[in-house]
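Undergrad:
This is the structure we're talking about:
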């Protein structure tokens, strides 16, 4: 250990000898790594499993029960209200919830200025299925209509200035609701429950409204929806439940392989019954996609993030070459010292330990630089791509990966130059 | 102690081959103080570098303490350099941003000696060269003669059996050169074998033996009277 501290001291002295070329090397490496980190953050968050251990038990059922004749077409992403009712009649799933996203304006009293609010219209099992933590209160007692809302923590703070607001009332689009629950800090990343939204980095909704209430009060979906007739579905309360408006995404929890098999059978039987009744003109095509495959199934992996990933990787390679070139110049100008050390008895392994000390210092400096530049990069990407404008903290896995990336890059930058320096001619260097 | 048998060294470029040393046969005994002399480019430094295992040779053999150094690994050669050989260079070769103490410590570090033993050896070496009070100085704060004495301290701190000096007084004025020579003689009297490349005939005469090299060949190996007898 004492010897390694000595190597670190020697490395620091070597930096002091020519600080500018060293700073430039670290800067180039930091820029390459920082840009790479920024993109890796998005990529990681988009591709991580938001519910490890459960995401393979939550399924997204889709069916072609619609007044639509087609061959070889995939079922739509959303279900109609009546389809959901038919699927919900099954008691195979451990939990099930239909939902869609909408928007409204909230305030405490009618004379206050309204606050825009993202609304998720859903059912009570939503909270259990997606492990949503409640800070205060409870969820709805059943799936019937209630003038009751559940607030996100941030919305409770925004409206009331505190979180303990169960029992308080608020006005949502000119109608009074009572608050029955407040969520704890919660952000599902990626937000895969919103399979129709195609925007898995969006923040959690502000207000949760019962599904039946949403239909009763004409809250239309503001994301994916599809209709198969000419009905005016703006009158959701009167037409929405019976017509062919497909705006509901539906999730079921199937804990065992037997449940999954039974549920597929149930969907098949339902589709056959509907076909027999003339309500399923297209060939039967049911899908039951687990949450951990939903992005691949819909092909929702954003192309821009992927393209960025490739570009930043290439940029990192270019930065590595440049940093390595600068490091080579630095090492060659220090070659005399390498030769002297070898003449005085250091073997190549000991010189490589010296190199590892150099790598360690470069890793520390370039990692710090890269984290700063990475953070700036993420902020810039949030500004340029507002649809992805959510950046949560770097978790331990990501930080560890970033440290490893910095370590490997520092090693690559230092490896060739130090080998060149340690294999130089001893005699020639000491004469110069 | 050192035996060279038909040792040859050729420097090759794409166009020419230069025979730096041709069939050199040499025996140096323990405790000798030998000067290597000869015109510039005659192969003195090449021979010294081969003896110090800083350079390889093409044919012949080099036995150190009866063992051939031919084919030794990098680690074995480094260990040999570290434990048995001390180097004194014409241009001192001190690391400019290391203190005197740290410069002398350099070869001891690679031997894996404990800090206490390193300290003891460094202080002994500094006492011998008379620079104990300047242990924390940087090389640039010392005169040329003092820097060469630091280089000598570095060379002897590891208690080597052979000291190889390549024109150790080449960059010094006559007064400082004399001091350095006296120091080398003192070290030799303590039993250390010294081989010194020099252009100075007076210094060559002060060594016990003069080995002359011309065009890569050993021409003469003059034995002088021992220094002690001369002064008597």
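Chains as they are written, first to last, in the UniProt record's numbering: chain W, 1 to 432; chain E, 1 to 232.
Here a beta-carbon is modelled for each residue, glycine too, at the ideal position from N, C-alpha and C.
In this text the structure is predicted, and so the values were computed from the model without any measurement.
1. What's the call for residue 14 of chain W, buried or exposed, on a 16-neighbour Cβ count within 10 Å?
2. Using a Cβ-Cβ distance cut-off of 8 Å, determine whether residue 65 of chain E contacts chain W.
3. Would you call the region 135-142 of chain W and the region 254-265 of chain W in contact, with 3 or more CB pairs under 8 Å?
4. Is residue 208 of chain W near residue 153 of chain W, with beta carbons less than 8 Å apart?
5. The beta strand (DSSP E) spanning residue 17 of chain E covers which residue range?
6. Quick check on residue 314 of chain W - is its C-beta less than 8 Å from some C-beta in chain E?
7. Less than 8 Å separating the beta-carbons of residue 421 of chain W and residue 335 of chain W?
8. For the region 339-352 of chain W and the region 77-95 of chain E, state whether three or more C-beta atom pairs, one from each stretch, are separated by less than 8 Å.
9. From W/256, W/46 and W/161, pick the residue whose C-alpha is nearest to that of residue 189 of chain W; which is it?
10. Residues of chain E with CB under 7 Å from residue 350 of chain W, in chain order?
11. Can you check the UniProt domain "ABC3 transporter permease C-terminal" (308-423) of chain W for any alpha helix (DSSP H) of at least 4 residues that lies completely inside it and give the ranges in chain order?
12. Against chain E, does residue 6 of chain W count as a neighbour if the rule is that its beta carbon must be under 8 Å from one of theirs?
13. Could you name the residues of chain W that residue 87 of chain E contacts, counting a contact when the two beta carbons are closer than 8 Å?
14. How long is the line joining the alpha carbons of residue 45 of chain E and residue 413 of chain W, rounded to whole angstroms?
15. Taking Cβ-Cβ distances shorter than 9 Å, what residues in chain E pair up with residue 347 of chain W?
16. Once you ignore the five residues that flank residue 96 of chain E on each side, which residues in its own chain have a CB closer than 8 Å to its CB?
17. What does the Cβ neighbour count give for residue 318 of chain W, buried or exposed, with the cut at 16 atoms within 10 Å?
18. What are the boundary residues of the beta strand (DSSP E) that residue 277 of chain W is part of?
19. Between which two residues does the beta strand (DSSP E) containing residue 116 of chain W stretch?
20. Can you name the residues of chain E whose CB is closer than 7 Å to the CB of residue 361 of chain W?
21. Below 8 Å between beta carbons: does that hold for residue 110 of chain E and residue 82 of chain E?
22. For residue 35 of chain W versus residue 107 of chain W, is the C-beta spacing smaller than 8 Å?
23. Return the first residue and the last residue of the alpha helix (DSSP H) that residue 78 of chain E is part of.
24. Between residue 142 of chain E and residue 165 of chain E, which are expected to be in contact by the criterion C-beta below 8 Å, what is the C-beta distance as a whole number of angstroms?
25. Can you tell me where the alpha helix (DSSP H) holding residue 40 of chain W begins and where it ends?
26. I'd like the span of the beta strand (DSSP E) that includes residue 179 of chain W, first residue to last.
27. Would you kindly check if the distance between the Cβ of residue 82 of chain W and the Cβ of residue 220 of chain W is under 8 Å?
28. Could you give the distance in angstroms between the alpha-carbon of residue 210 of chain E and the alpha-carbon of residue 31 of chain E?
29. Based on the DSSP output, what are the partners of residue 8 of chain E in its beta bridges?
30. Closest to residue 16 of chain W by C-alpha separation, out of W/361, W/165, W/416 and W/160, would be which residue?
31. List, in order along the chain, the chain E residues whose C-beta lies closer than 8 Å to that of residue 2 of chain W?
TA: Reading it off the structure:
1. buried
2. no
3. no
4. no
5. 17-28
6. no
7. yes
8. yes
9. W/46
10. 110
11. 335-343, 348-384 and 396-422
12. yes
13. 343 and 344
14. 36 Å
15. 73, 74, 75, 76, 77, 78, 79, 82 and 110
16. 138, 139 and 140
17. exposed
18. Unbroken run through residue 277 of chain W: none, as it is neither H nor E.
19. 115-122
20. Ordered by position in chain E, no residue passes the 7 Å Cβ test against residue 361 of chain W, which lies about 16 Å from the chain.
21. yes
22. no
23. 74-84
24. Between residue 165 of chain E and residue 142 of chain E the Cβ distance is about 19 Å, and since that is not below 8 Å, they are no contact.
25. 19-47
26. 175-183
27. no
28. 15 Å
29. E/59
30. W/361
31. 115
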